[in-house]
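Asks: Starting off with a structure, shown below.
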Amino acid sequence: YDRESKLLGVDYMLPDWSVVPEAKAFRYVKARDLIESTPETAAKRRALYTSVVAQSALRVLHELFEADRRGHVDTVALNCMVDTIDRATGSRIVPCILSVRTTAAVFKAINLGAVDPVACLKGLSAAMSPSPAELAPVLLGLRRFMDLRARRPDRRLDRDQGTGDHANPNRSFHDSLHS
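Numbering-wise (the numbering used here), the sequence shown opens with residue 3 and increments by one.
Encoded structure:
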């Protein structure tokens, strides 16, 4: 949290796409006395995971702004990450698959009950992975904010200054503050 600018930076851990069920339906086969599943297509599972990621980000933003009853937070920079194993190397990775920065005024004006979650995040200029299920990383938005703030402490970052230009998209909020 940066008190002067009223910016709250949050790294939020999401589940990987294994939370999306592989089966789309089940049926009981009386002749064999067993339950068979009908698999869901990979494309449908990826689309569902993308929706889960978007809905989760919007929910986190909503809860953060709702919890700030005293108005201490003007802007939230949210980075949604997944703690997983890289299938290519077997090493632990924590890619950021969604990064969004918005103000309380902009977010509170959104009717969350009537939006498409992915479209809403695009409207907020979020950087969202083109393939969240494949853990394609995006650049974190908070580091650039902190870099600009260090260069121009008298100016607040507005929504149109874009997201970060980091060398390492796996950096955490804590790491970005201490580099």
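From the three backbone atoms N, C-alpha and C, an ideal C-beta is built for every residue, glycine too.
(1) Taking 8 Å as the threshold (C-beta atoms), are Ser39 and Ala49 in contact?
(2) For Arg158, which residues in the same chain have their Cβ closer than 6 Å to its Cβ, ignoring the five residues on either side in sequence?
(3) Should His85 be labelled buried (16 or more other beta-carbon atoms within 10 Å of its own) or exposed?
(4) Comparing C-alpha positions only, which one of Pro41, Lys32, Arg89 and Val62 sits nearest to Leu80?
(5) Can you say whether Tyr51 is buried or exposed, counting buried as having 16 or more other CB atoms within 10 angstroms of its CB?
(6) Based on Cα-Cα distance, which residue from Val22, Gly11 and Thr104 lies nearest to Ser53?
(7) Three-state secondary structure (DSSP) at Glu38?
(8) State the Cα-Cα distance for the pair Met83 and Ala33, rounded to the nearest angstrom.
(9) Where Val12 and Glu42 are concerned, what is the direct C-alpha to C-alpha distance, given to the nearest angstrom?
(10) Cutting at 8 Å between CB atoms, please list the residues of its own chain near Arg154, excluding the five before and the five after it.
(11) Could you pull the DSSP bridge partners for Thr105 from this structure?
(12) Leaving out the 5 sequence neighbours to the left and right, which residues in its chain are closer than 8 Å to Ile87 when beta-carbon positions are compared?
(13) Could you name the residues of the same chain whose beta carbon sits closer than 7 Å to that of His64, not counting the 5 residues immediately before and after it, in chain order?
(14) Check Phe117 in the structure and name its three-state DSSP category.
Replies: On the basis of the coordinates in this document:
(1) no
(2) For Arg158, the pLDDT reaches just 41, beneath the cut-off of 50, and the residue's location in the model is therefore unreliable, although a value from the coordinates is still provided. The answer, listed in chain order, is Ser7.
(3) The sequence as given places Asp at residue 85; His does not occur at that position. Classification for Asp85: exposed.
(4) Val62
(5) By the 10 Å Cβ count, Tyr51 comes out buried.
(6) Val22
(7) strand
(8) Cα-Cα distance, rounded: 46 Å.
(9) Our two residues, Val12 and Glu42, have alpha carbons roughly 33 Å apart in a direct line.
(10) Caution applies to Arg154, whose pLDDT of 42 falls short of 50 and renders its modelled position unreliable; the model cannot decide the point.
(11) For Thr105, the pairing in a beta bridge is given by DSSP as Thr77.
(12) Taken in chain order, the residues that qualify are Ser93, Arg94 and Ile95.
(13) Leu114
(14) Before going further, note that residue 117 is Val rather than Phe in the sequence given. Three-state result, Val117: coil.
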